[in-house]
Amino acid sequence: MFRRSAPRNGEGRSYRTLLRIGRMFDAVRVRMMAIILFAAMPIALIGAVQAWRNYHKTLAAPGYRTDMTLERVNLEIRHEVDDLGSMLRVVGHMALDDEGIRRMLELAQSLTGHHYDQIALVDALGNIVTQVGRTEGAHRLVLDDMPRFQGDVRVSYINGGAESHNLPIAFRVTVATMIGDGSGHLARSGFLTAIMPLSWADRKLRPGDPRLDIVVRDNPVAIWVLNPDGSAAAPLCGDCDWPLMPSAMLLGRVQRIMRNGHDHARGTLPDGAFSLGRVEGGVFVLAATRRNAKERHAVLMFAIALVSSGLLLLTGLLGASKSADVLIVSPLRKLTASVNLWQLGGVYDVRSNWAMPFEVRQLAHAFSKATRRLARHERRLERAAVRQELLLKEMHHRVKNNLQIVASLLNLQAGRITQPAAREEFAQARDRVRALATLHRYLYAEGGLYNLNMQSFVRELCGQIMHAIGEADDGRITLDIQVEDLLMVPDQAVPLALIVTEAVSNTIKYAFPDGARGTLEVGLRQVDKMRACLWIADDGVGMAAGRVRRGNEERSGIGLQLIRGFARQLGGELQMFEENGTRYVLVFVLQQPEPDQDDI
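Each number in the working numbering corresponds to the 1-based position in the sequence shown with 1 added.
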């Protein structure tokens with residue numbers, strides 16, 4: 002009929018976890034360690050922040066170095082592009098014809114030590130008119146490489162084709178010019194273009210070139226030129242003993258950065274850092290470096306300081322825990338054991354000594370005084386409790402005797418009455434008084450002055466009602482008692498006993514007319530921690546048929562009125578069902594029985 006609600010597993014596990022944490026912080030040693038941690042936390046936090054800042058600076062130093070290298074590379078390429086563009090603009094302003102421009106280009110190539118792969122004069126359609134330097138593999142000037150206005154310097158890069166994975170190999174610098182007719186007059190427009198190799202080989206740089214500071218052999222920074230998708234790379238300096246390709250891990254990270262559309266990025270490596278960026282002409286350049294000896298030493302010292310700080314803190318906590326155990330926990334444990342022994346009936350005996358802290362000695366002395374006073378007070382309470390129990394037993398005994406006398410008087414008076422209705426009323430009053438007498442007899446005989454065992458009480462009460470009505474011997478009505486071993490306070494047992502008396506009496510008298518046989522079920526059980534359920538059911542003719550058989554003159558409604566009134570006194574909800582008999586169901590809030598005096 003009723004099912005007890007069970008706690009959910011997740012809530013139970015959370016509650017048990019919180020309970021374990023709370024119990025852990027109940028210990029003195031744990032609290033002392035927590036106090037030490039809170040006291041040392043500001044100093045440790047300041048030291049940790051300072052160490053972390055130094056460590057972060059150490060980790061960031063290689064990244065700053067690669068960023069500076071990229072800036073230097075970009076600056077040097079820009080300077081070279083500016084110098085080349087200025088030279089081409091000077092030649093263009095001379096208003097020379099094709100042959101004069103050729104001689105000036107040869108002079109420029111000679112002055113620069115034949116550094117440029119090609120210097121050419123191109124007409125307005127991009128076709129080469131005249132050129133100096135390498136002639137094979139000459140690249141035609143396309144529209145995207147042409148300057149947009151006079152004085153504009155157009156810079157683009159040239160890749161090496163599919164065989165070299167489209168890696169940039171040179172820069173093309175182009176300026177607009179006007180070509181003369183040989184007599185000093187401007188005849189047509191064109192372009193001057195030069196191809197500047199993208200290679201900083203140490204053997205090709207002149208002494209005093211600032212790029213030599215970057216491409217020295219012992220430079221810890223390696224520099225690569227990347228193709229547009231980052232899938233291939235070539236060292237910027239071919240004879241600087243740099244790796245031909247970055248590591249596969251680094252190249253993979255570079256490709257992800259370039260796919261995301263970033264023009265500049267910096268990242269850390271397990272042993273250094275790298276920087277990626279665009280330089281003049283839109284070429285991607287990658288610079289990577291390893292930590293130097295000082296940086297590796299700083300990282301190692303940070304790890305040593307971190308481990309040593311943790312070990313020192315752990316040693317301090319263990320020392321504090323051991324000191325707390327010897328100086329505080331052990332004396333308190335002895336004091337607690339003695340108090341527990343005294344609580345179980347033993348003798349409280351704690352001898353304070355100078356090894357105990359002053360507060361613990363004071364606490365032991367206070368407990369000694371308190372236990373002596375409590376012992377005297379307990380002896381007085383035991384004597385008072387014995388007297389009170391005797392008085393209560395005597396009271397219940399006398400009430401039981403008086404109720405039995407009243408029931409006997411009602412029985413004698415009923416025997417002198419000739420009217421059946423009046424005699425029945427006297428008999429019902431007698432049964433109610435007998436029910437109360439039986440309850441007081443249980444309170445007196447079984448010694449349960451504060452609570453009542455409802456299992457044996459209901460069983461005897463129902464048997465007593467059957468016997469009083471005369472249905473106990475022939476077995477016409479079967480009594481089925483289903484009462485749990487339930488303790489109930491007398492304030493609730495009294496109305497419950499009267500409800501059982503009224504319902505059972507009415508059922509026996511009216512549910513089985515004309516000698517009919519049947520079963521009467523009386524049950525009481527605890528639904529949950531707060532509620533109990535009483536039910537009384539029969540398989541007789543039912544309440545409606547019983548009222549018809551009794552007639553309209555009889556006062557048949559007082560029993561039901563009493564049942565409802567006692568149900569309201571219990572604060573419960575009474576329901577009645579008429580299907581194959583009559584069934585009373587009462588669910589009420591169960592008052593908690595007071596503990597026995599021996600358990601206090």
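Idealized CB from N, CA, C, for every residue including glycine.
Proximity below 8 Å, CB of residue i to CB of residue j
i      : j      : result
VAL92  : LEU193 : yes
PHE368 : LEU336 : yes
ILE466 : THR502 : yes
GLY161 : LEU142 : no
ILE180 : ASP99  : yes
SER276 : GLY64  : yes
LEU287 : LEU270 : no
VAL176 : ARG79  : no
MET42  : SER322 : no
LEU453 : PRO491 : yes
ASP124 : GLY191 : yes
GLY283 : HIS265 : no
THR508 : ILE470 : no
LEU543 : GLY582 : Here residue 543 turns out to be Gly, not Leu, going by the sequence shown. Yes. Within cutoff.
ALA163 : ILE196 : no
ALA62  : GLU296 : yes
ASP272 : ARG291 : yes
PHE567 : ILE500 : yes
PRO148 : TYR158 : no
ILE102 : LEU85  : no
Cα-Cα separation, residue i to residue j
i      : j      : result
PHE513 : MET489 : 32 Å
VAL133 : VAL300 : 55 Å
PRO198 : GLY268 : 29 Å
LEU315 : ALA338 : 31 Å
LEU563 : LEU345 : 49 Å
GLU426 : ASP432 : 10 Å
HIS468 : GLN576 : 28 Å
ARG497 : LYS510 : Looking at the sequence itself, residue 497 is Leu, so the reference to Arg does not match. Approximately 20 Å between the Cα atoms of the pair.
ASN228 : ARG257 : 14 Å
ARG551 : VAL586 : Because ARG551 sits at a pLDDT of 49, beneath the cut-off of 50, its placement in the model cannot be relied upon, and the following sentence gives the value as read from the coordinates. Computed Cα separation, rounded: 24 Å.
THR59  : VAL308 : 18 Å
ASP540 : ALA504 : 14 Å
PHE589 : ARG526 : 11 Å
ARG569 : ILE418 : 34 Å
MET302 : ASN167 : 45 Å
ALA234 : ARG189 : 42 Å
VAL174 : ASN293 : 38 Å
MET531 : ALA494 : 16 Å
ILE120 : THR131 : 9 Å
ALA109 : ASP214 : 26 Å
GLY464 : SER457 : 11 Å
TRP53  : ALA304 : 11 Å
ALA274 : ASP145 : 36 Å
MET259 : ASP182 : 49 Å
ARG381 : CYS534 : 41 Å
ASP326 : VAL361 : 14 Å
ALA202 : GLN151 : 34 Å
VAL459 : GLU383 : 33 Å
ARG32  : VAL330 : 12 Å
VAL154 : HIS298 : 48 Å
GLU379 : ALA365 : 20 Å
GLU579 : LEU480 : 19 Å
LEU206 : ALA45  : 54 Å
GLU559 : ARG565 : Note that residue 559 is Ile in the sequence shown, not Glu. Cα to Cα, the separation comes out at about 10 Å.
ASP486 : MET455 : 7 Å
Strand pairing of residue i, partner residues [DSSP]
i      : result
PHE150 : Answer by DSSP bridge pairing: none, since PHE150 is not bridged.
ASP539 : LEU521
ILE500 : DSSP output for ILE500 lists no bridge partner at all.
LEU392 : The partner list for LEU392 (beta bridge, DSSP) is empty, contrary to what the question assumes.
ASP481 : GLU522
PRO169 : ASN160
Near the ligand ADP: residue i beta-carbon under 7 Å from a heavy atom
i      : result
GLY152 : As for the ligand ADP, it is missing from this structure, which has no ligand bound.
Cβ pair count under 8 Å reaching 3, the stretch 223-243 against the stretch 30-40: Fewer than three Cβ pairs drawn from the stretch 223-243 and the stretch 30-40 lie within less than 8 Å of each other, which leaves the two stretches out of contact.
The stretch 247-263 in contact with the stretch 220-235 per 3-pair CB rule at 8 Å: Enough Cβ pairs lie closer than 8 Å, so yes.
Unbroken stretches of the beta strand (DSSP E), 3 residues or longer, contained in the stretch 302-381: If we require 3 residues or more, the stretch 302-381 turns out to have no beta strand (DSSP E) run fully inside it.
Ordered list of alpha helix (DSSP H) runs contained in the stretch 243-292, each at least 4 residues: Taking only runs of at least 4 residues, the alpha helix (DSSP H) segments lying wholly in the stretch 243-292 are 249-260.
Cβ pair count under 8 Å reaching 3, the stretch 40-52 against the stretch 73-89: Touching, no.
Contained alpha helix (DSSP H) runs [length at least 4] in the stretch 99-137, N- to C-terminal order: Fully enclosed alpha helix (DSSP H) runs of 4 or longer: 99-112.
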